[in-house]
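A short worksheet on the structure shown next.
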Amino acid sequence: MAEERSVSIEVVYRGIFQKTLAQRICRSVVLAARKRGHTGTAFARYGDSPERNGVPAKQFAVVAADELELEASMAKYEPSVVDVSIAVDDTLVKGVESWAWYGRQPIWKPVRANGWLLVTSDKKPDEVLAQTDKAERPYTLGIVPGGASFAGLWVYKDDHTDFRVLGALAKILPQWIALDDAKAASLDLAKGDRSAVASVQYGYDSTVMRPVKAGEGTSGHEVLQFTKPGWTTMRPGIIVEARKPGERNPYYKKYGARTMRPVVNFDTCIKCTMCWLDCPDECFEVTPEGHYEVVYEACIGCGICAQVCPVKDCIVMVDELKFTDNKDKWQLWKADRPKYNAWFEDMSGVSADPKKGAAGSVPPNANPAANAATTPGADPASNPTTSAGGDE
Amino acid sequence: MAVEVKTKETNEIETEQLATGCEAIAEAIRLADVDVMAAYPIRPYDGVMQAAAKLIANGKMDVEYIVADGEHSQFEIVKHACAVGARVFVGSSGVGWFYAFEAIAVTAGLRLPVVAICGNRALDDPGAFGTEHNDSLAVRDLGWLLPWAETAQEALDLALMAWRVAEDKRVSLPIAIGLDGAFLTHSQHIVKIPTQAAVDKFLPKFDLGDRLLHPDNPITIAPQVDQDWLMEIRRQNDNAMRQALTVISEAHADFKKIFGRGGESPFLDEYMTDDAEVVVIGQGTLSLPMKVAIRRLRKERGLKIGLVRLKWFRPFPTEEVVKSLRRFKAVGVIDRDYSFGSPYYGGVLYNEIRSALYSQEKRPVIVGFIAGLGGREIEQPMATEIFEKTMAAGKGDLAAGDTCHWIGVRE
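Those protein sequences? They're chains A and B, same order as listed.
No gaps in the numbering here: position 227 of the first sequence is 227 in the numbering used here, and each next residue is one more.
No gaps in the numbering here: position 105 of the second sequence is 105 in the numbering used here, and each next residue is one more.
Below you can see the structure in the form of structure tokens.
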């Protein structure tokens, strides 16, 4: 249970792409609370670093009435209980499998009873809740309007996601972050740009609150829990077993890094091997017919396959929140092509028949990787495929 | 964002920043007007590299910033710069620190007051980033001064003290400030940054005097000598280390007068010891969870327990440690380090504390604890276990006193 005289806030974010954003949110929380004399600390979870593209990571802000209260939160990697969890990309509600520990955790795991889960999203609360693990405790889901803000390791898009979130926090934690203090802090951080103040107010006014009862949410996500061995049971010499050929790591599945996933039009696939060859995570399995199907448990959604595929709309990147499982789809195509193609069109928004145009609905939002793929010569700092590393 | 506050003592302005321990050190480098710093990246020390580079890029600091090809060169560069009269800064972590070991040894041998931080990190393998004190402690016998900081504020304050103590002619020895990786180096706290004027009052200009390597002062440094000279050289260094205790006390008193910080004793920080029967002693940030445990266990169970935090490991403040610890029935020594095969299989600090108290007629039972290795968090149940075992030893359970306990390790 969080102490009464302190408040703990965590930001769950996409590694590399949102590191600076998370840092800005945590700093702004402490600086805003400082305006009324509170003290505080802001820190990143050390074990997440060096960050990997898209792998969920966490940063924290703890604000306390005095130094003595704050000590309980110092010399810790992460608070065991938080008052507010902020997910700065709505696909993170599908669960957090991070670099810092083993297993997958529900997004609300550290949130105290009757705490808050704030999600930046352009979706409705119920759409987000439908992909969130079934609640064990009641909490309030707040949707801070706006899509996920992605950039590179050291940069931030400056789209005021941080100020909108700060405004939302002023709404739910007025005793710690007064709206006026949030505005004053935003003005400091934006070096006098008054539009920051407007963004704080917008976050304050426009965040949609949706009370969530215990039991609400989905039970469809995979449970991933592991027990670590003790010193008497582990092998000496710092040794781990190698995986057998064809076997994938059962302890760390990479799909939690995904904001979009590739879907494949097997009818138009020319079996050129490019996706299979260029996938950095060796996600493609060869089917008996010589197609390449995605193993969604291992796919991080980097978008390189869609980028290198020479056939238009054969591999399409689609918003991860549209999917409820990681099952492979090639079997469906094999069994019932019209059904598969209808599914492909529904998900991707493009026609399965190359002779026709778009299949109706708006194409999905571009993810950072897809951006990089479609804008050659873009600023390398905002290109996640080139901005990894440098964190050692 | 800086918030300005007046200090009572000096009526001068100091600013406030939300800064990590590494950023606080970078501010100290700026305030000490360092001439040369050599850098080579390894976490967690590299936070200082980044913060210092940022200060330079923003036009706030003027320092010769040399990125070396490895830690050995990094430490050689500052050693040589120091010999020609430059105020220097350097640092490393974990096995990076070890890669510089030959340079580290000769720097102390030459009595060159290099100021370093050791961002404490577990030694490789397996490449953990978290804190362990064996990197700093590896140089404990070489003539390096070794203080440990608890907070980002103390990191900054200790750094300013470091140049003053190291460069004092009576000492003239290198110093490595221990900063716990992650907890201190990478978490942001509100830190008071003193003004240049106040720092200038505290920290005199570096003057190597007639030991300056300069064409106008023709000398040779470090000619090869043999057994007919060596013992005298070692004895001189031993004497310098003895002098350091006095110099630290003076610097601490001055620092307190100017900045109003630093606690009662330069060497020990005692917490709730006035009525305590049993205490624990340790270094660095492990004091933070232990203080929380002390408040909790006093409230819940009425236990008379306290904490002594050792601020300086070298020179070891034997007199102060003895005077403090002999008041208690039992002392638990928490080592965030190991010394495999040492007496009672204890940590480094454990055996130093036992040794310091051996000649005392009235001495406490001493229990050793190995905890928080690789930066493992010292959680409240572990802190409780440490106090329970120490109290049991104090009540005459000798078994508790003769062995060293591993806390929070999976069996």
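From the three backbone atoms N, C-alpha and C, an ideal C-beta is built for every residue, glycine too.
Start and end residues, beta strand (DSSP E) containing residue i
i: Asp319/A; result: Ile315 to Asp319
i: Ile16/A; result: Segment: none, Ile16/A is in no beta strand (DSSP E) and carries neither H nor E.
i: Lys58/A; result: Pro56 to Ala64
i: Glu64/B; result: Glu64 to Val67
i: Arg385/B; result: Inspection of the sequence shows that residue 385/B is occupied by Glu rather than by Arg. Element bounds for Glu385/B: not the beta strand (DSSP E) but the alpha helix (DSSP H), Gln380 to Gly394.
i: Lys171/A; result: No beta strand (DSSP E) contains Lys171/A, which is instead part of the alpha helix (DSSP H) from Thr161 to Ile172.
i: Gln201/A; result: Where Gln201/A is concerned, there is no enclosing beta strand (DSSP E), although the alpha helix (DSSP H) it sits in stretches over Ser195 to Ser206.
i: Pro145/A; result: Tyr139 to Pro145
Nearest to residue i (by Cα), restricted to the options the options
i: Leu55/B; options: Phe313/B, Ala293/B, His133/B and Val34/B; result: Val34/B
i: Pro113/B; options: Arg298/B, Phe206/B, Phe369/B and Val322/B; result: Phe206/B
i: Gln360/B; options: Phe387/B, Arg326/B, Asp337/B and Tyr338/B; result: Arg326/B
i: Asp133/A; options: Val81/A, Ser80/A and Lys213/A; result: Lys213/A
i: Arg298/B; options: Val279/B, Asp135/B, Leu268/B and Val67/B; result: Val279/B
i: Gly375/B; options: Leu357/B, Ala356/B, Arg336/B and Glu411/B; result: Arg336/B
i: Ile270/A; options: Glu293/A, Leu141/A, Ile86/A and Val208/A; result: Glu293/A
i: Pro223/B; options: Val409/B, Arg87/B and Gly109/B; result: Gly109/B
i: Glu411/B; options: Tyr102/A, Phe284/A, Pro138/A and Trp231/A; result: Trp231/A
i: Glu23/B; options: Arg121/B, Ala371/B and Thr151/B; result: Thr151/B
Cβ of residue i within 8 Å of any chain A Cβ
i: Ser187/B; result: yes
i: Arg410/B; result: yes
i: Pro381/B; result: no
i: Ala182/B; result: yes
i: Gly368/B; result: no
i: Glu27/B; result: no
i: Thr285/B; result: yes
i: Glu377/B; result: yes
i: Pro289/B; result: yes
i: Val292/B; result: yes
i: Leu349/B; result: no
i: Leu18/B; result: yes
i: Thr7/B; result: With a pLDDT of 46 at Thr7/B, under the threshold of 50, the predicted position of this residue should be treated as unreliable, and no value is reported.
i: Cys404/B; result: no
Residue i at chain B interface by Cβ criterion, 8 Å
i: Met274/A; result: no
i: Thr287/A; result: no
i: Pro364/A; result: Here the model assigns Pro364/A a pLDDT of 47, short of 50, so the residue's position is not dependable, and the following value carries that caveat. With 8 Å as the cut-off, Pro364/A does not count as an interface residue toward chain B.
i: Lys109/A; result: no
i: Val7/A; result: no
i: Gly360/A; result: With a pLDDT of 49 at Gly360/A, under the threshold of 50, the modelled position of this residue cannot be trusted, and the question is left open.
i: Trp231/A; result: yes
i: Leu173/A; result: no
i: Tyr292/A; result: no
i: Ile238/A; result: yes
i: Leu31/A; result: yes
i: Tyr46/A; result: yes
i: Lys228/A; result: yes
First through last residue of the alpha helix (DSSP H) which encompasses residue i
i: Arg112/A; result: It is not in any alpha helix (DSSP H) - Arg112/A instead sits in the beta strand (DSSP E) that spans Val111 to Ser121.
i: Val308/A; result: Ile304 to Val308
i: Cys118/B; result: Per DSSP, Cys118/B belongs to no alpha helix (DSSP H); it is in the beta strand (DSSP E), Val115 to Asn120.
Review point. Can you list, in chain order, the residues of the region 33–44 of chain A whose Cβ is nearer than 9 Å to any Cβ on chain B?
Key: Answer set for the region 33–44 of chain A: Arg34, Lys35, Thr39, Gly40, Thr41, Ala42, Phe43 and Ala44.
Review point. Between the region 349–358 of chain B and the region 258–265 of chain B, do three or more beta carbon pairs fall short of 8 Å?
Key: As far as the Cβ criterion goes, the region 349–358 of chain B does not touch the region 258–265 of chain B, which means the pair count is below three.
Practice item. Would you check if there are 3 or more beta carbon pairs closer than 8 Å linking the region 240–257 of chain B to the region 271–279 of chain B? Key: no
Exercise for review: Could you tell me whether the region 388–407 of chain B touches the region 359–375 of chain B, where touching means 3 or more Cβ pairs closer than 8 Å?
Suggested key: yes
Review point. Taking a cut of 7 Å between CB atoms, which residues from the region 184–211 of chain B lie near chain A?
Key: Within the region 184–211 of chain B, His186, Ser187, Gln188, His189 and Ile190 place their CB atoms closer than 7 Å to a CB of chain A, listed in sequence order.
Exercise for review: Would you check if the region 180–195 of chain B and the region 278–288 of chain B touch, i.e. whether three or more CB-CB distances between them fall below 8 Å?
Suggested key: The region 278–288 of chain B is in contact with the region 180–195 of chain B.
Review point. Touching or not, the region 171–182 of chain B and the region 108–127 of chain B, by the rule of three or more beta carbon pairs under 8 Å?
Key: Output reads yes: the region 108–127 of chain B touches the region 171–182 of chain B.
Review point. Are there three or more Cβ pairs, one per stretch, closer than 8 Å when the region 118–133 of chain A is compared with the region 46–65 of chain A?
Key: no
Practice item. Could you run through the region 120–137 of chain B and flag, in chain order, every residue whose CB is less than 8 Å away from some CB of chain A? Key: Asp125, Pro126, Phe129 and Gly130
Check your understanding: Quick one, which residues of the region 91–117 of chain A are near chain B if we go by CB-CB under 9 Å, in chain order?
Key -> none
Check your understanding: Should the region 368–384 of chain B be regarded as contacting the region 309–324 of chain B, the criterion being three or more beta carbon pairs within less than 8 Å?
Key -> no
Exercise for review: Could you say if the region 158–166 of chain A and the region 179–199 of chain A meet the contact criterion of at least three C-beta pairs nearer than 8 Å?
Suggested key: yes
Check your understanding: Taking one C-beta from the region 72–83 of chain A and one from the region 19–31 of chain A each time, how about it: are there three or more such pairs within less than 8 Å?
Key -> no
Check your understanding: Does the region 90–105 of chain B come close enough to the region 28–45 of chain B to have 3 or more Cβ pairs within less than 8 Å?
Key -> Touching, yes.
**Study point:** Against chain B: residues of the region 140–171 of chain A by CB proximity under 7 Å
**Key:** none
Check your understanding: Just checking, does the region 224–231 of chain A make contact with the region 299–315 of chain A on the three C-beta pairs under 8 Å criterion?
Key -> no
Check your understanding: At a Cβ cut of 7 Å, what residues of the region 61–92 of chain A count as close to chain B, listed as they run along the chain?
Key -> Glu71, Ala72, Met74, Ala75, Lys76 and Tyr77
Practice item. Report the residues of the region 323–342 of chain A with a CB closer than 7 Å to any CB of chain B, ordered along the chain. Key: none
Review point. Along the region 178–201 of chain A, what residues have a CB closer than 9 Å to any CB found in chain B?
Key: Ala185, Asp188 and Leu189
**Study point:** Given 8 Å, three or more beta-carbon pairs between the region 261–276 of chain A and the region 320–332 of chain A
**Key:** Under the 8 Å Cβ criterion, the region 261–276 of chain A counts as touching the region 320–332 of chain A, having at least three qualifying pairs.
Exercise for review: Determine, using beta-carbon pairs with one atom in the region 175–185 of chain A and one in the region 31–51 of chain A, whether at least three such pairs fall under 8 Å.
Suggested key: yes
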